[in-house]
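2 protein chains.
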Amino acid sequence: MRITLAVDSEIPIYQQIRDQIVTAIATGELTAETPLPSTRQLGADLAVNFHTVNKAYDLLRHEGFIRVNRKSGAVIRRDRTSGPPEPGVADAWQERLTIMLAEAVAHGLDRDEVLARTDRMLAAFTAAERTEP
Amino acid sequence: MRITLAVDSEIPIYQQIRDQIVTAIATGELTAETPLPSTRQLGADLAVNFHTVNKAYDLLRHEGFIRVNRKSGAVIRRDRTSGPPEPGVADAWQERLTIMLAEAVAHGLDRDEVLARTDRMLAAFTAAERTEP
Numbered sequence: 004m005r006i007t008l009a010v011d012s013e014i015p016i017y018q019q020i021r022d023q024i025v026t027a028i029a030t031g032e033l034t035a036e037t038p039l040p041s042t043r044q045l046g047a048d049l050a051v052n053f054h055t056v057n058k059a060y061d062l063l064r065h066e067g068f069i070r071v072n073r074k075s076g077a078v079i080r081r082d083r084t085s086g087p088p089e090p091g092v093a094d095a096w097q098e099r100l101t102i103m104l105a106e107a108v109a110h111g112l113d114r115d116e117v118l119a120r121t122d123r124m125l126a127a128f129t130a131a132e133r134t135e136p
Numbered sequence: 004m005r006i007t008l009a010v011d012s013e014i015p016i017y018q019q020i021r022d023q024i025v026t027a028i029a030t031g032e033l034t035a036e037t038p039l040p041s042t043r044q045l046g047a048d049l050a051v052n053f054h055t056v057n058k059a060y061d062l063l064r065h066e067g068f069i070r071v072n073r074k075s076g077a078v079i080r081r082d083r084t085s086g087p088p089e090p091g092v093a094d095a096w097q098e099r100l101t102i103m104l105a106e107a108v109a110h111g112l113d114r115d116e117v118l119a120r121t122d123r124m125l126a127a128f129t130a131a132e133r134t135e136p
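If you're matching them up, the sequences are chains A and B in order.
The numbering of the first sequence is the numbering used here, which starts it at 4 and goes up by one.
The numbering of the second sequence is the numbering used here, which starts it at 4 and goes up by one.
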């Protein structure tokens, strides 16, 4: 996978790294048991401090997306075919979604438009899943 | 409105204050031009440092939910009846929603379930909008 950093973004670099790895899992580009580069390697590739990569990996581990083994390094722990989410994950996610939807409504975004946008984006992630009819 | 803080939460206090004010705008409890308590007042009410309240207000101002006037203090700038969002707001929001949906898919949440949850939550916010048939 290729990670592209926006250095002038408001989003911290470690968050951008984390977001792009999560997105790659969602699109199916990264699958369970795929090894990630070492923090030093990825840091060198991206020209960022390895502590920054470490922070991204720590977050991904905390969120259950990767596991980190001292010997084999970081590997993808689950992918979108690994079955339903672990207990509590869906509820914690929904709590955060609730706030995001509150923002949309407070900003004046139309309910139907929010649903349409959500549907379109979900379709984009899962497009590769579909088999020919 | 009443703000309730979860001191043992992973979510920082300033973020909890910000989230609850955004939610109150979404539900229609807080409407445009409603004044918010001063940072010292709210800090005292919640037993938190006023700098923490200040951080929440700064974020809300940056996001366009409130305006802060040296004389009149913080007031709600827009509410959900203020019309469509300002330019760029919907796109910035959608960028963040994309990441949240990527998380859901990567965690194995089912697409239909995500849509159903989104629909339910939007309905909860906007329930008060509906007039009797």
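Every residue gets a Cβ at the ideal spot worked out from N, C-alpha and C, and that includes glycine.
Owing to the predicted nature of the structure, the values given are computational and were not obtained by experimental measurement.
How big is the Cα-Cα spacing for Thr121 (chain A) and Ala107 (chain A)?
-> 12 Å
Three-state class that DSSP yields for Asn72 (chain A) in the structure shown | strand
Check whether the Cβ atoms of Arg83 (chain A) and Ile69 (chain A) sit closer than 8 Å, and answer yes or no.
-> no
Any C-beta of chain A under 8 Å from that of Gln2 (chain B) | Any question about residue 2 (chain B) goes unanswered here, given that chain B covers just 4 to 136.
Nearest to Ala93 (chain A) (by Cα), restricted to the options B:Asn72, B:Leu118 and B:Ala93 | B:Leu118
Name the chain B residues that come within less than 9 Å of Met124 (chain A), Cβ to Cβ?
-> Contact of Met124 (chain A) with chain B by beta-carbon distance below 9 Å involves Gln97, Leu100, Thr101, Leu104 and Ala105.
Coarse secondary structure for Ala9 (chain B), derived from DSSP in three states | coil
Figure out for me which residue from B:His54, B:Met103 and B:Arg73 has the closest Cα to the Cα of Glu18 (chain B).
-> The question names Glu, but residue 18 (chain B) in the sequence shown is Gln. Nearest C-alpha to Gln18 (chain B): B:His54.
C-beta neighbour in chain A for Ile39 (chain B), strict 8 Å = The question names Ile, but residue 39 (chain B) is Leu in the sequence shown. Taking Cβ atoms only, chain A never reaches closer than 8 Å to Leu39 (chain B), which makes this a no.
State yes or no: is the beta carbon of Gly46 (chain A) nearer than 8 Å to at least one beta carbon in chain B?
-> no
Step through the CB atoms of chain B and report whether any lies within less than 8 Å of the CB of Thr134 (chain A).
-> Confidence in Thr134 (chain A) is poor, its pLDDT being 46 and thus under 50, which makes the residue's placement unreliable; the coordinate value appears in the next sentence. So, not an interface residue.
Going along chain A, which residues have a C-beta under 8 Å from Val117 (chain B)?
-> Thr121 and Leu125
Are the Cβ atoms of Pro38 (chain B) and Gly67 (chain B) separated by less than 8 Å?
-> no
Residues of its chain near Ile102 (chain A), where Cβ-Cβ distance is below 7 Å and the 5 sequence neighbours each way are ignored | none
Give the secondary structure of Ile14 (chain B) by DSSP, where H, G and I count as helix, E and B as strand, and everything else as coil.
-> coil
Sequence-distant residues of its chain with Cβ nearer than 7 Å to Val25 (chain A) (five each side left out) = Phe68
Over the uninterrupted alpha helix (DSSP H) stretch that includes Gly46 (chain A), give me the two end residues.
-> Thr42 to Leu49
Beta carbon of Gly111 (chain B), beta carbon of Pro90 (chain A): below 8 Å?
-> no
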